[in-house]
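Engineer:
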Amino acid sequence: MLHPRQRPLLSLKMNALQMLCPLLSQIRITSWHLLSSMIFLLLPRLSSISKPDNRCVKIFVSKDKVKDFEKTQLRIPVSFRKKAVNLQMMASGKTPGLTQEANDRTYEATTDNFNNNTDVFDDIKQRFLAFKKLKYMDNLEHYKKLADAQAPKFLVIACADSRVCPSAVLGFQPGEAFTVRNIANLVPPYESGPTETKAALQFSVNALEVENILVIGHSRCGGIQALMGMEEVDSRSFIHNWVIVGKKAKESTKAVASNLHFDHQCQHCEKTSINHSLERLLGYPWIEEKVRKGSLSLHGGYYDFVNCTFEKWTVDYEGSRCKKEGSGIAVKNLSVW
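Per UniProt numbering, the sequence shown starts with residue 1, numbered consecutively.
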């Protein structure tokens with residue numbers, strides 16, 4: 001144990017050490033003896049230390065010592081960094097209760113700083129490192145199994161909009177959902193040409209044998225707004241040539257909601273388009289066969305991020321067969337979360 005009179009001087013050395021070597025500020029030091037040893041090894045000898053006030057600490061070092069320290073500092077990242085990381089992992093492993101709160105704060109801080117003027121990839125790096133430490137390492141066996149094979153229960157077809165990430169909204173974990181995202185979460189007709197969405201359907205249904213297909217639409221969808229707003233298709237526009245897939249949903253909306261404000265028409269079309277995509281899924285022979293046999297279920301979902309609500313419903317296959325062709329699908333099990 002240190003004598004009480006020695007602790008103020010040691011505290012000054014701690015501050016000096018952290019100013020001279022920022023790497024150490026990332027390490028949780030729980031031992032006075034360990035910290036004292038590190039100071040002895042890393043700091044040049046100080047000729048004197050004075051503390052003129054409570055706000056700063058001045059360090060007087062000879063020029064020769066500074067040069068020596070600069071050389072030492074260049075050697076630290078290679079040899080010391082590995083030891084520092086090992087030390088941090090050992091400390092975290094022995095005292096998880098003391099470090100978890102700090103880990104959570106670090107993880108949340110990266111989100112708060114994402115839009116600041118810092119390098120965006122620095123933030124992404126910190127998120128990855130937090131994921132690796134807090135999730136990957138804690139579920140190592142699960143991720144080892146995923147490295148060999150995947151067996152997701154869901155195929156999720158969602159919009160590419162940055163505000164509606166299915167994993168963030170519905171909490172899908174790695175290995176749970178095979179996901180394809182496109183503008184306006186559209187499913188193209190079976191008869192149309194090849195697209196990445198159709199390839200994802202074929203792979204997930206026939207190879208992965210998912211049990212559920214969930215088509216998720218959302219509020220204030222830019223793709224649906226483009227669909228509802230265009231008067232004619234511009235063959236030079238990739239966007240127009242894609243969203244025209246939802247033309248029937250637009251026509252259905254205009255037929256029943258033409259007297260509504262444009263924003264309300266778009267909201268109506270957002271939900272109508274989901275059901276049209278579900279109906280088109282039944283046009284894929286290998287999907288219809290699995291639904292008929294009961295090994296595959298089709299679901300619709302609508303995420304309202306303005307009010308943070310989620311509507312979910314399921315296609316009633318038998319009820320849909322009883323409906324007149326072209327009159328849409330029957331649904332069941334409607335719920336709002």
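All residues carry an ideal CB built from backbone N, CA and C; glycine is no exception. Quick caveat: nothing in here was measured; it's all calculated off a predicted structure.
Using the C-alpha atoms, what's the distance from T253 back to V169?
Structural biologist: As a position in the sequence shown, residue 169 is number 169, starting the count at 1. As a position in the sequence shown, residue 253 is number 253, starting the count at 1. Cα-Cα distance, rounded: 27 Å.
Engineer: Could you give the residue range of the alpha helix (DSSP H) that holds I244?
Structural biologist: Position 244 of the sequence shown, counted from the first residue, corresponds to residue 244. First-last for I244: undefined, no H or E at that position.
Engineer: Cutting at 6 Å between CB atoms, please list the residues of its own chain near R280, excluding the five before and the five after it.
Structural biologist: In the sequence shown, residue 280 corresponds to position 280, counting from 1. Excluding positions up to five away in sequence, the list reads V187, P189.
Engineer: Report the CB separation of I224 from V233 in whole angstroms; it is logged as a contact under 8 Å.
Structural biologist: In the sequence shown, counting from the first residue as 1, residue 224 sits at position 224. In the sequence shown, counting from the first residue as 1, residue 233 sits at position 233. Going by Cβ atoms, the distance from I224 to V233 rounds to 16 Å, so no, they are not a contact pair.
Engineer: Could you tell me if T272 is buried or exposed, where buried requires 16 or more neighbouring beta carbons within 10 angstroms of its beta carbon?
Structural biologist: Counting from one through the sequence shown, the residue named residue 272 turns up at place 272. Under a 10 Å Cβ-count criterion, T272 is classified as buried, with 16 or more other Cβ atoms of the shown protein chains found around its own Cβ.
Engineer: Distance, Cα to Cα, D316 vs L214?
Structural biologist: Residue mapping note: residue 316 aligns to position 316 of the sequence shown, counting from 1. Residue mapping note: residue 214 aligns to position 214 of the sequence shown, counting from 1. Going by the C-alpha atoms only, they are around 14 Å apart.
Engineer: Look at the alpha carbon of T197 and the alpha carbon of A184, and state the distance between them as a whole number of angstroms.
Structural biologist: Residue 197 sits at position 197 when you count from the first residue of the sequence shown. Residue 184 sits at position 184 when you count from the first residue of the sequence shown. Cα to Cα, T197 sits roughly 12 Å from A184.
Engineer: Tell whether a beta-carbon distance below 9 Å holds between residue 348 and K247.
Structural biologist: Any answer about residue 348 is impossible in this case: the structure gives the chain only from 1 up to 337.
Engineer: Return the residue from the list D263, C269, W242 that minimises the CA-CA distance to A255.
Structural biologist: Counting from one through the sequence shown, the residue named residue 255 turns up at place 255. Residue C269 is the option with its Cα nearest to A255.
Engineer: When you compare the segment 303-316 with the segment 163-183, are there three or more beta-carbon pairs, one atom per stretch, that lie closer than 8 Å?
Structural biologist: Between the segment 303-316 and the segment 163-183 there are three or more inter-stretch CB-CB distances shorter than 8 Å, so the stretches are counted as touching.
Engineer: Which ranges does the beta strand (DSSP E) cover as unbroken runs of at least 3 residues, wholly within the segment 190-256, from first to last along the chain?
Structural biologist: Correct list: 212-218.
Engineer: Assuming the contact rule is C-beta atoms closer than 8 Å, I329 and V205 should be a hit. Round their C-beta distance to whole Å, please.
Structural biologist: The sequence position of residue 329 within the sequence shown is 329, counting from 1. The sequence position of residue 205 within the sequence shown is 205, counting from 1. Actually they are not in contact, since the Cβ atoms of I329 and V205 sit about 18 Å apart, beyond 8 Å.
Engineer: According to DSSP, what are the bridge partners of A330?
Structural biologist: For the purposes of this step, residue 330 is identified with residue 330 of the sequence shown, where counting begins at 1. Bridge partners of A330: D316.
Engineer: Using only CA atoms, which one of E231, M230, E191, T179 lies nearest to L208?
Structural biologist: Here the question's residue 208 lines up with position 208 in the sequence shown. Checked all of E231, M230, E191, T179; the closest Cα to L208 is T179.
Engineer: Can you tell me which of L134, I157, V336, R292 puts its alpha carbon nearest to the alpha carbon of S320?
Structural biologist: Within the sequence shown, the letter at position 320 stands for residue 320. S320 has its Cα closest to that of R292, out of L134, I157, V336, R292.
Engineer: Using DSSP's beta-bridge definition, name the partner residues of C159.
Structural biologist: Counting from 1 along the sequence shown, the entry for residue 159 is found at position 159. Note: C159 sits in a beta bridge opposite N182.
Engineer: Could you pull out every residue in the same chain whose Cβ sits closer than 6 Å to the Cβ of A257, ignoring the five residues on either side in sequence?
Structural biologist: Indexing the sequence shown from 1 puts residue 257 at position 257. Excluding positions up to five away in sequence, the list reads Q265, H268.
Engineer: Check whether the Cβ atoms of K312 and S297 lie closer than 9 Å to each other.
Structural biologist: What you label residue 312 is simply residue 312 of the sequence shown in a count that begins at 1. What you label residue 297 is simply residue 297 of the sequence shown in a count that begins at 1. In this structure, S297 does not lie closer than 9 Å to K312 by Cβ.
Engineer: Could you check where the beta strand (DSSP E) with S295 kicks off and where it finishes?
Structural biologist: Indexing the sequence shown from 1 puts residue 295 at position 295. Element bounds for S295: n/a, residue is neither H nor E.
Engineer: For the putative contact between A177 and V156, defined by C-beta atoms under 8 Å, what is the C-beta separation to the nearest angstrom?
Structural biologist: Taking the first residue of the sequence shown as 1, we reach residue 177 at position 177. Taking the first residue of the sequence shown as 1, we reach residue 156 at position 156. Right, their Cβ atoms sit about 5 Å apart.
Engineer: Considering only C-alpha positions, which residue in the set D123, F310, E231 is nearest to W337?
Structural biologist: Counting from one through the sequence shown, the residue named residue 337 turns up at place 337. Measuring from the Cα of W337, the nearest candidate turns out to be F310.
Engineer: Quick check: the Cα distance between D263 and K125, rounded to an integer number of angstroms?
Structural biologist: As a working mapping, residue 263 is identified with position 263 in the sequence shown. As a working mapping, residue 125 is identified with position 125 in the sequence shown. Distance between the alpha carbons of D263 and K125: 39 Å.
Engineer: Would the beta-carbon of E251 be found less than 8 Å away from any heavy atom of the ligand COA?
Structural biologist: Absence of the ligand COA from the depicted structure is noted, as is the absence of any ligand whatsoever, leaving it without description.
Engineer: Might you give, ordered along the chain, the residues of its own chain that have their beta carbon closer than 6 Å to the beta carbon of L282, omitting 5 neighbours on each side?
Structural biologist: Within the sequence shown, residue 282 is the residue found at index 282, counting from 1. Same-chain partners within the cutoff: E288.
Engineer: Quick one: what's got a C-beta closer than 6 Å to A249's C-beta in the same chain, skipping five residues either side?
Structural biologist: For the purposes of this step, residue 249 is taken as residue 249 along the sequence shown, with counting starting at 1. Same-chain partners within the cutoff: C269, T272, S273, H276.
Engineer: Between I216 and D122, what straight-line distance do the alpha-carbon atoms span, to the nearest angstrom?
Structural biologist: To locate residue 216, count along the sequence shown from 1; it is residue 216. To locate residue 122, count along the sequence shown from 1; it is residue 122. Computed Cα separation, rounded: 32 Å.
Engineer: Which residues does DSSP list as the beta-bridge partners of G300?
Structural biologist: Here residue 300 refers to the residue found at position 300 of the sequence shown. Answer is V215, W313, bridged to G300.
Engineer: Can you list, in chain order, the residues of its chain whose CB lies under 7 Å from that of Y136, leaving out five sequence neighbours each side?
Structural biologist: On the sequence shown, position 136 is the one that residue 136 refers to. Excluding residues within five positions, the ones whose Cβ falls inside 7 Å are Y143.
Engineer: So what's A151 in DSSP terms, helix, strand or just coil?
Structural biologist: Residue mapping note: residue 151 aligns to position 151 of the sequence shown, counting from 1. Residue state, collapsed to three classes: coil.
Engineer: Can you tell me where the alpha helix (DSSP H) with K133 in it begins and where it stops?
Structural biologist: Along the sequence shown, one-based indexing puts residue 133 at 133. No alpha helix (DSSP H) contains K133, which DSSP labels as neither H nor E.
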